[in-house]
Amino acid sequence: MNREHVKYPLYLIVHPFNAYSDLKYERNKRHTLIASLIILFLMIITNVLSNQYSGFLVNLSNPDDMNSLMEVVYIVVPVLFWCLANWSLTTLMDGEGKFVEIFTSTCFALVPMMIINFPWIWLSNVISLQETAFYYFCSSAAYLWSAYLLFVGNMTVHQYSPSKTIGTILLTIVAMGFMAFICLLFFGLIQQMISFVHVIYQEIMLRN
Amino acid sequence: MRISIPKVKMYLLAALCCLLGTNIGVNVAHAEGSASYNYSFWNDTTPAPAAYEATFLLNGAQLGVGPFKNPSDIHVTADKEIYVLDSGNNRIVILDQHFKPVKVVDSFDREGKKDTFNNPQGIFVTDRKELFIADTGNKRVVHLDSNLRMAGVLEAPKSDLLQANFDFQPVRVVVDKAQRIYVMSTGVFDGFMEFNADGAFTSFIGANRVTVDPVELFWKKMSTQAQRSRMVMFTPTEFTNLDMDDEGFIYATSGDYSNNPIKKLNAQGNDILRRTGYLSLVGDIRYSSDIGPSRLIDIDVTDSEMYSVLDSKRGRVFTYSGDGHLMYIFGGLGNQLGQFNTPAAIERVGDDFLVLDKAFGEITVFQTTAYGRMLNEAVRSYYRGDEEKAFDLYQQAINTNANLEFAYSGVGKALLRKGDYKGAMQYFKESYDYANYSKAYLLYRKQVLREYFPAVMTGLIVLAVVLLFFKKLRKRMRRQGGVTIES
């Protein structure tokens, strides 16, 4: 049973069509949800590790700006945005997927991006500048693979045709932009309100 | 407590002000004033020890030649004679290396008659002590021989390359060893004007490229012919100054911040400046948006490919090594010693700097601190190929200023040459020198592999042989066993 849980994501990344329809129709929802949360967690962990321990030649980020908590945000927020935007759109566009299915399919699509970190965190420490081409090749391949899995997952979960899936994905990206904008607006206004109240409080306190 | 209406208004106003205050990001590059700084690999300002300090001021009255009036250029010869071009008084004041006046030239002998300058803007002195003066008001370049008699004059040239209404307004001039004369003239966008030794105009050299704003291009494409003719034309930016190094390359500055304001031109007019440093060569990297980026108005090249540029907006002098590393920054605008009002020109006298202030008619003399001498010497030693000395000096420089990233690279290169690959890697890492780190790493990896390869390989072979042997043994045992069972 336990072994099967580990095997399933690996089976999914090579047989996405079969595995995603299993995920939608056959498998236990609770187990897949737990598995996808574990994948998300591992993704965060590997990203933090790669930021900290990748080889000098490929680690081009300023160590002063490195913040593990922000790494969590950088991964969780886009995934949630994607799922929310996709869910909001597909409910209007006759998609058959439930929110849980969208979330799990998205998380399972991240598996190649997560797996590629494991060897390359070590390997990037023993390569020269000329050999970094392999590093960049592998990571771009992983990104493309993940994008493909995301596409297949979305298609299977909603039972869409390929062209409709592409359309939905493009619309989802636009919707994510809108959501980001609204969030910024929201937090901007909240910040203004808080500072307003704070200033009034300060003013009253200092007057007396 | 009674709160009157005006008071409520005041509260509101205060609240509004504070709200505004919270939104305006406070990220001014660094404290204004004399605190010395440099930039890091990540384009952050880092504190640095002062490399130069202003020691004294020179002005005309103090020198006993009468006050300078709007002086616009200085030139220092190889034997440290200083020529100050006192434009407002139409004269040249010559000082010796101890800053004592030697001679004042306010007129010259032109075929037996006396002739004078009219608002000259630029001066150049050759190794043979021949003077070239851009006599802007008279629209000519005057060439005086070492006895200060006129040897030639360049006037508005006639050429197919020039427009019919061409206005010759020379402002800066340099002369190379082959007596070719390069003139910078106001209103000329095609680069510097090159004259041959006989004073005949040959060509333009080194025009800046036009940079086109896509938005502006779009509007231009959209508008009609009549509208277009009234729009601003896309023209290349003019140069602001030029200087020549010992090898005859022209170093030039232009006012265009976004398009390589510093250039090193070869004889064909191609830009061959090495830009291998961490920063783009533009003066200040971080600046407040109300003043804007640096405007480079003068350049001075010294030995070992070091060059310094002068920013007129903030009055700072930036010195770069030939590889494009920012070595040190000094100067500023203000009223104290070491600050200027309207800096116009810089020159080096040996390792001392002269900065000419146009409005005040003063020259500020800057002299090196121990740190400045160390850096100058380190860059020189490295340029000469004296790695041992460069290693020591860079090591000292790091001890004085741990933020000086290119110095780590200098130490790393010396260690690499010595064969200490691991140490070199460490230093290259400190200096973010990826290419050299990779080089050192490859050598280190090879070294490690060479060391352990025989042992690892022997181990593997022994293991393989042992395994094979065991397999055979087992087979034989099994066969024997089988035989016993069968029989």
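For the protein sequence lines, the chains are X and U, in the order given. Under UniProt numbering, the residue at position 100 of the first sequence is numbered 100, and the numbers go up by one with no gaps. Under UniProt numbering, the residue at position 334 of the second sequence is numbered 334, and the numbers go up by one with no gaps. Even glycine gets a Cβ: it sits at the ideal position worked out from N, Cα and C. Just so you know, these numbers come straight off a predicted model, no measurement behind them.
- By the CB criterion at 8 Å, residue 315 of chain U and residue 53 of chain U fall outside the cutoff.
- Residues of the stretch 36 to 67 of chain X with a C-beta atom less than 8 Å from some C-beta of chain U are 56, 57, 62 and 64, listed in chain order.
- Here the alpha carbon of residue 202 of chain U sits roughly 18 Å from the alpha carbon of residue 208 of chain U.
- For secondary structure counted as the beta strand (DSSP E) over 3 or more consecutive residues, the stretch 282 to 314 of chain U holds these complete runs in sequence order: 296 to 301 and 307 to 311.
- In this structure, the alpha-carbon of residue 176 of chain U lies about 9 Å from that of residue 250 of chain U.
- Residue 444 of chain U and residue 426 of chain U have their C-alpha atoms some 12 Å from each other.
- In the DSSP assignment, residue 170 of chain U falls within the beta strand (DSSP E) that extends over 170 to 175.
- The beta carbons of residue 241 of chain U and residue 303 of chain U sit no closer together than 8 Å.
- For a Cβ distance threshold of 9 Å, nothing in chain U lies close to residue 206 of chain X: the least Cβ distance comes to about 10 Å.
- Judged by DSSP in its simplified three-state form, residue 468 of chain U adopts helix.
- Exposed is the label assigned to residue 198 of chain X, since fewer than 16 other Cβ atoms lie within 10 Å of its Cβ.
- Chain-ordered, the chain U residues with CB closer than 7 Å to the CB of residue 129 of chain X read 434, 435 and 438.
- A Cβ-Cβ distance of about 14 Å is found for the pair residue 282 of chain U and residue 307 of chain U, leaving them out of contact under the 8 Å criterion.
- Close CB contacts of residue 61 of chain X within its chain, under the 7 Å cut and outside five residues either way in sequence, are with 51 (chain order).
- DSSP, read as helix, strand or coil, puts residue 260 of chain U in coil.
- Given a length threshold of 4 residues, each whole run of the alpha helix (DSSP H) inside the stretch 92 to 160 of chain X is given here in chain order: 99 to 109, 111 to 123 and 132 to 158.
- Nearest neighbour of residue 133 of chain U by Cα position, chosen from U/163, U/467 and U/170, turns out to be U/170.
- Not a single C-beta of chain X is nearer than 8 Å to the C-beta of residue 452 of chain U.
- Using beta-carbon distances, residue 429 of chain U counts as an interface residue toward chain X, with a partner under 8 Å.
- For the set X/55, X/138, X/172 and X/18, the Cα lying nearest the Cα of residue 92 of chain X is the one of X/172.
- Under DSSP, residue 345 of chain U takes part in a beta bridge, and its partners are U/356.
- Runs of alpha helix (DSSP H) with 4 or more residues, each lying fully within the stretch 181 to 228 of chain U, are found at 214 to 222, listed in chain order.
- Apart from sequence neighbours up to five positions away, the residues of its chain that approach residue 269 of chain U with a beta-carbon distance below 6 Å are 205 and 206, ordered along the chain.
- Residue pairing of residue 54 of chain U in beta bridges, as defined by DSSP: U/366.
- The DSSP-derived three-state label of residue 318 of chain U is strand.
- Restricting attention to U/421, U/334, U/336 and U/362, the CA atom closest to the CA of residue 346 of chain U is found in U/362.
- The C-alpha of residue 278 of chain U lies about 46 Å from the C-alpha of residue 16 of chain X.
- Bounds of the alpha helix (DSSP H) holding residue 392 of chain U are 387 to 400.
- Under the three-state reduction of DSSP output, residue 39 of chain U falls in the strand class.
- Residue 379 of chain U places its beta carbon 8 Å or farther from that of residue 431 of chain U.
- Between residue 324 of chain U and the set U/333, U/371, U/274 and U/310, the nearest pair of CA atoms involves U/274.
- Among the bridge pairs identified by DSSP, residue 243 of chain U is matched with U/251.
- For a cut-off of 8 Å, the C-beta gap from residue 182 of chain U to residue 123 of chain U is around 14 Å, too long to register as a contact.
- When the beta-carbon positions are compared, residue 104 of chain U and residue 65 of chain U come within less than 8 Å of each other.
- According to the DSSP secondary-structure assignment, residue 125 of chain U is paired through a beta bridge with U/131.
- For the stretch 83 to 123 of chain U, the full-length beta strand (DSSP E) segments reaching 3 residues or more read 91 to 95, 101 to 105, 108 to 110 and 113 to 115 along the chain.
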